[in-house]
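Asker: First the structure, then my questions, so here it is.
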Amino acid sequence: MSKVVSPINLRMNVIVGDSQMIQVDLYGEDGRLLSRTLKRNVPTSNVGIPQSFKIPFEIRAAAEVGRITVSTLDDEGRIQSLSSLRLLLLSSGENEINPPGNPSEPVGVVEPKIDESVSGGVLSVRGDVWPFNLQPVIFELVDAEGKSLGLRIVTVDGIEPQMFDTTIPYKVSEPTPARLVIRQDDDRMAGLFYLYSQVVLLNP
416 MSKVVSPINL RMNVIVGDSQ MIQVDLYGED GRLLSRTLKR NVPTSNVGIP QSFKIPFEIR
476 AAAEVGRITV STLDDEGRIQ SLSSLRLLLL SSGENEINPP GNPSEPVGVV EPKIDESVSG
536 GVLSVRGDVW PFNLQPVIFE LVDAEGKSLG LRIVTVDGIE PQMFDTTIPY KVSEPTPARL
596 VIRQDDDRMA GLFYLYSQVV LLNP
């Protein structure tokens, strides 16, 4: 875990969502929001675009655990992707930065394909996941208004890479574009730690 003083210098490569906006949040160990930064009109690309942020913060204690959360949104305002990093926030001192971790995507979906059209009231979801913690992995279908159309909660078998093969029942009366969301909560403080999503078309 890196140790940082204010302001945090954050550098990363980001593939933005359809809204072309990046949101960077910093949370304290009790879940309070310490800082929020929005960057708009970020160029779209199939590869990561280098981005940098300065994140100021103030804490009352000498040190506390914090979490940086970077998220992108789609054109409906839904979270399209979200990744987090835990840090030790210092009120004074010097930065001690650890080498970056594995940049590979921790979720790989084999079925369904992106934009795949499915029918029958049950969506099959297969792939692999590398859990960040022992919290359950949540699979959810969300429509354009943010309404949940179906949900499945899957327990994890440790924090090693593992396969998943599950189904999500849903009910729609007409063809409905939806976002398949795969997410995991933080196990130390309130909030999401990671989220992956892709679009599917749900038919009755």
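Heads up: the sequence shown begins at 416 in my numbering, then just goes up one per residue.
A virtual CB, placed ideally from N, CA and C, is assigned to each residue, including glycine.
Given the structure is predicted, the values throughout are model-derived calculations rather than measurements.
Any idea if A477 is buried or exposed, counting beta-carbon neighbours within 10 angstroms, 16 or more meaning buried?
Answerer: The residue labelled residue 477 in the question sits at position 62 within the sequence shown. It is exposed - the Cβ of A477 has fewer than 16 other Cβ atoms within 10 Å.
Asker: For I512, which beta-bridge partners are listed by DSSP?
Answerer: Locating residue 512 in the sequence shown gives position 97, counting from the first residue. I512 is not bridged to any residue.
Asker: Rounding to the nearest angstrom, what Cα-Cα distance links L502 and S588 in this structure?
Answerer: To locate residue 502, count along the sequence shown from 1; it is residue 87. To locate residue 588, count along the sequence shown from 1; it is residue 173. Spanning the two alpha carbons is a distance of roughly 46 Å.
Asker: Let me confirm a value: P514 is counted as buried when at least 16 other C-beta atoms fall within 10 Å, else exposed. Which label applies?
Answerer: Mapped onto the sequence shown, residue 514 falls at position 99. Classification for P514: exposed.
Asker: With a threshold of 6 Å on Cβ separation, who are the neighbours of S421 within its own chain once the five nearest residues in sequence on each side are excluded?
Answerer: Within the sequence shown, residue 421 is the residue found at index 6, counting from 1. For S421, where only same-chain residues beyond five positions count, the Cβ hits under 6 Å are P471, F472.
Asker: If you measure from the CB of Y585, is any heavy atom of the ligand GTP nearer than 7 Å?
Answerer: As far as ligands go, the structure on display features none, and thus does not contain the ligand GTP.
Asker: Just checking, does the stretch 490–499 make contact with the stretch 459–467 on the three C-beta pairs under 8 Å criterion?
Answerer: Because the criterion of three Cβ pairs below 8 Å is not met, the stretch 490–499 and the stretch 459–467 do not touch.
Asker: Output the distance between the C-alpha atoms of K418 and I483, rounded to the nearest integer angstrom.
Answerer: Here residue 418 is taken as the residue at index 3 of the sequence shown, counted from 1. Here residue 483 is taken as the residue at index 68 of the sequence shown, counted from 1. Taking the straight line from one Cα to the other gives about 13 Å.
Asker: For R455 and S467, what's the separation of their Cα atoms in angstroms?
Answerer: Here residue 455 corresponds to residue number 40 of the sequence shown, with the count starting at 1. Here residue 467 corresponds to residue number 52 of the sequence shown, with the count starting at 1. Straight-line Cα distance between these residues: approximately 13 Å.
Asker: Would you call the stretch 430–447 in contact with the stretch 519–530, where contact means no fewer than 3 C-beta pairs closer than 8 Å?
Answerer: These segments do not touch.
Asker: Going by DSSP, name the residue or residues bridged to S450.
Answerer: Sequence index remark: in the sequence shown, residue 450 carries index 35 (1-based). Per DSSP, L441.
Asker: In terms of residue numbering, what span does the beta strand (DSSP E) encompassing P584 cover?
Answerer: Indexing the sequence shown from 1 puts residue 584 at position 169. Unbroken beta strand (DSSP E) run through P584: 577–584.
Asker: Pick helix, strand or coil for T487, following the three-state DSSP scheme.
Answerer: In the sequence shown, residue 487 corresponds to position 72, counting from 1. Note: T487 maps to strand in three-state DSSP.
Asker: Whose C-beta lies closer than 6 Å to the C-beta of W545 among residues of the same chain, with five residues either side of it excluded?
Answerer: Along the sequence shown, read from residue 1 onward, the residue named residue 545 stands at position 130. Around W545: P521, P576.
Asker: DSSP state of I464, grouped into three classes?
Answerer: Within the sequence shown, residue 464 is the residue found at index 49, counting from 1. Looking at I464 - three-state DSSP - the assignment turns out to be strand.
Asker: My output table needs one value for K418: the three-state DSSP class, helix, strand or coil.
Answerer: In the sequence shown, residue 418 corresponds to position 3, counting from 1. Strand.
Asker: Does the separation of the CB atoms of V615 and E531 fall below 8 Å?
Answerer: On the sequence shown, position 200 is the one that residue 615 refers to. On the sequence shown, position 116 is the one that residue 531 refers to. Going by C-beta atoms, V615 is nearer than 8 Å to E531.
Asker: For R594, name the three-state secondary structure that DSSP assigns.
Answerer: For the purposes of this step, residue 594 is identified with residue 179 of the sequence shown, where counting begins at 1. Three-state result, R594: strand.
Asker: How big is the Cα-Cα spacing for F579 and R567?
Answerer: Translated into positions along the sequence shown, residue 579 becomes position 164. Translated into positions along the sequence shown, residue 567 becomes position 152. About 12 Å.
Asker: Quick check: what's the CA-CA separation for S498 versus F608?
Answerer: One-based indexing of the sequence shown puts residue 498 at position 83. One-based indexing of the sequence shown puts residue 608 at position 193. Whole-angstrom Cα-Cα distance: 6 Å.
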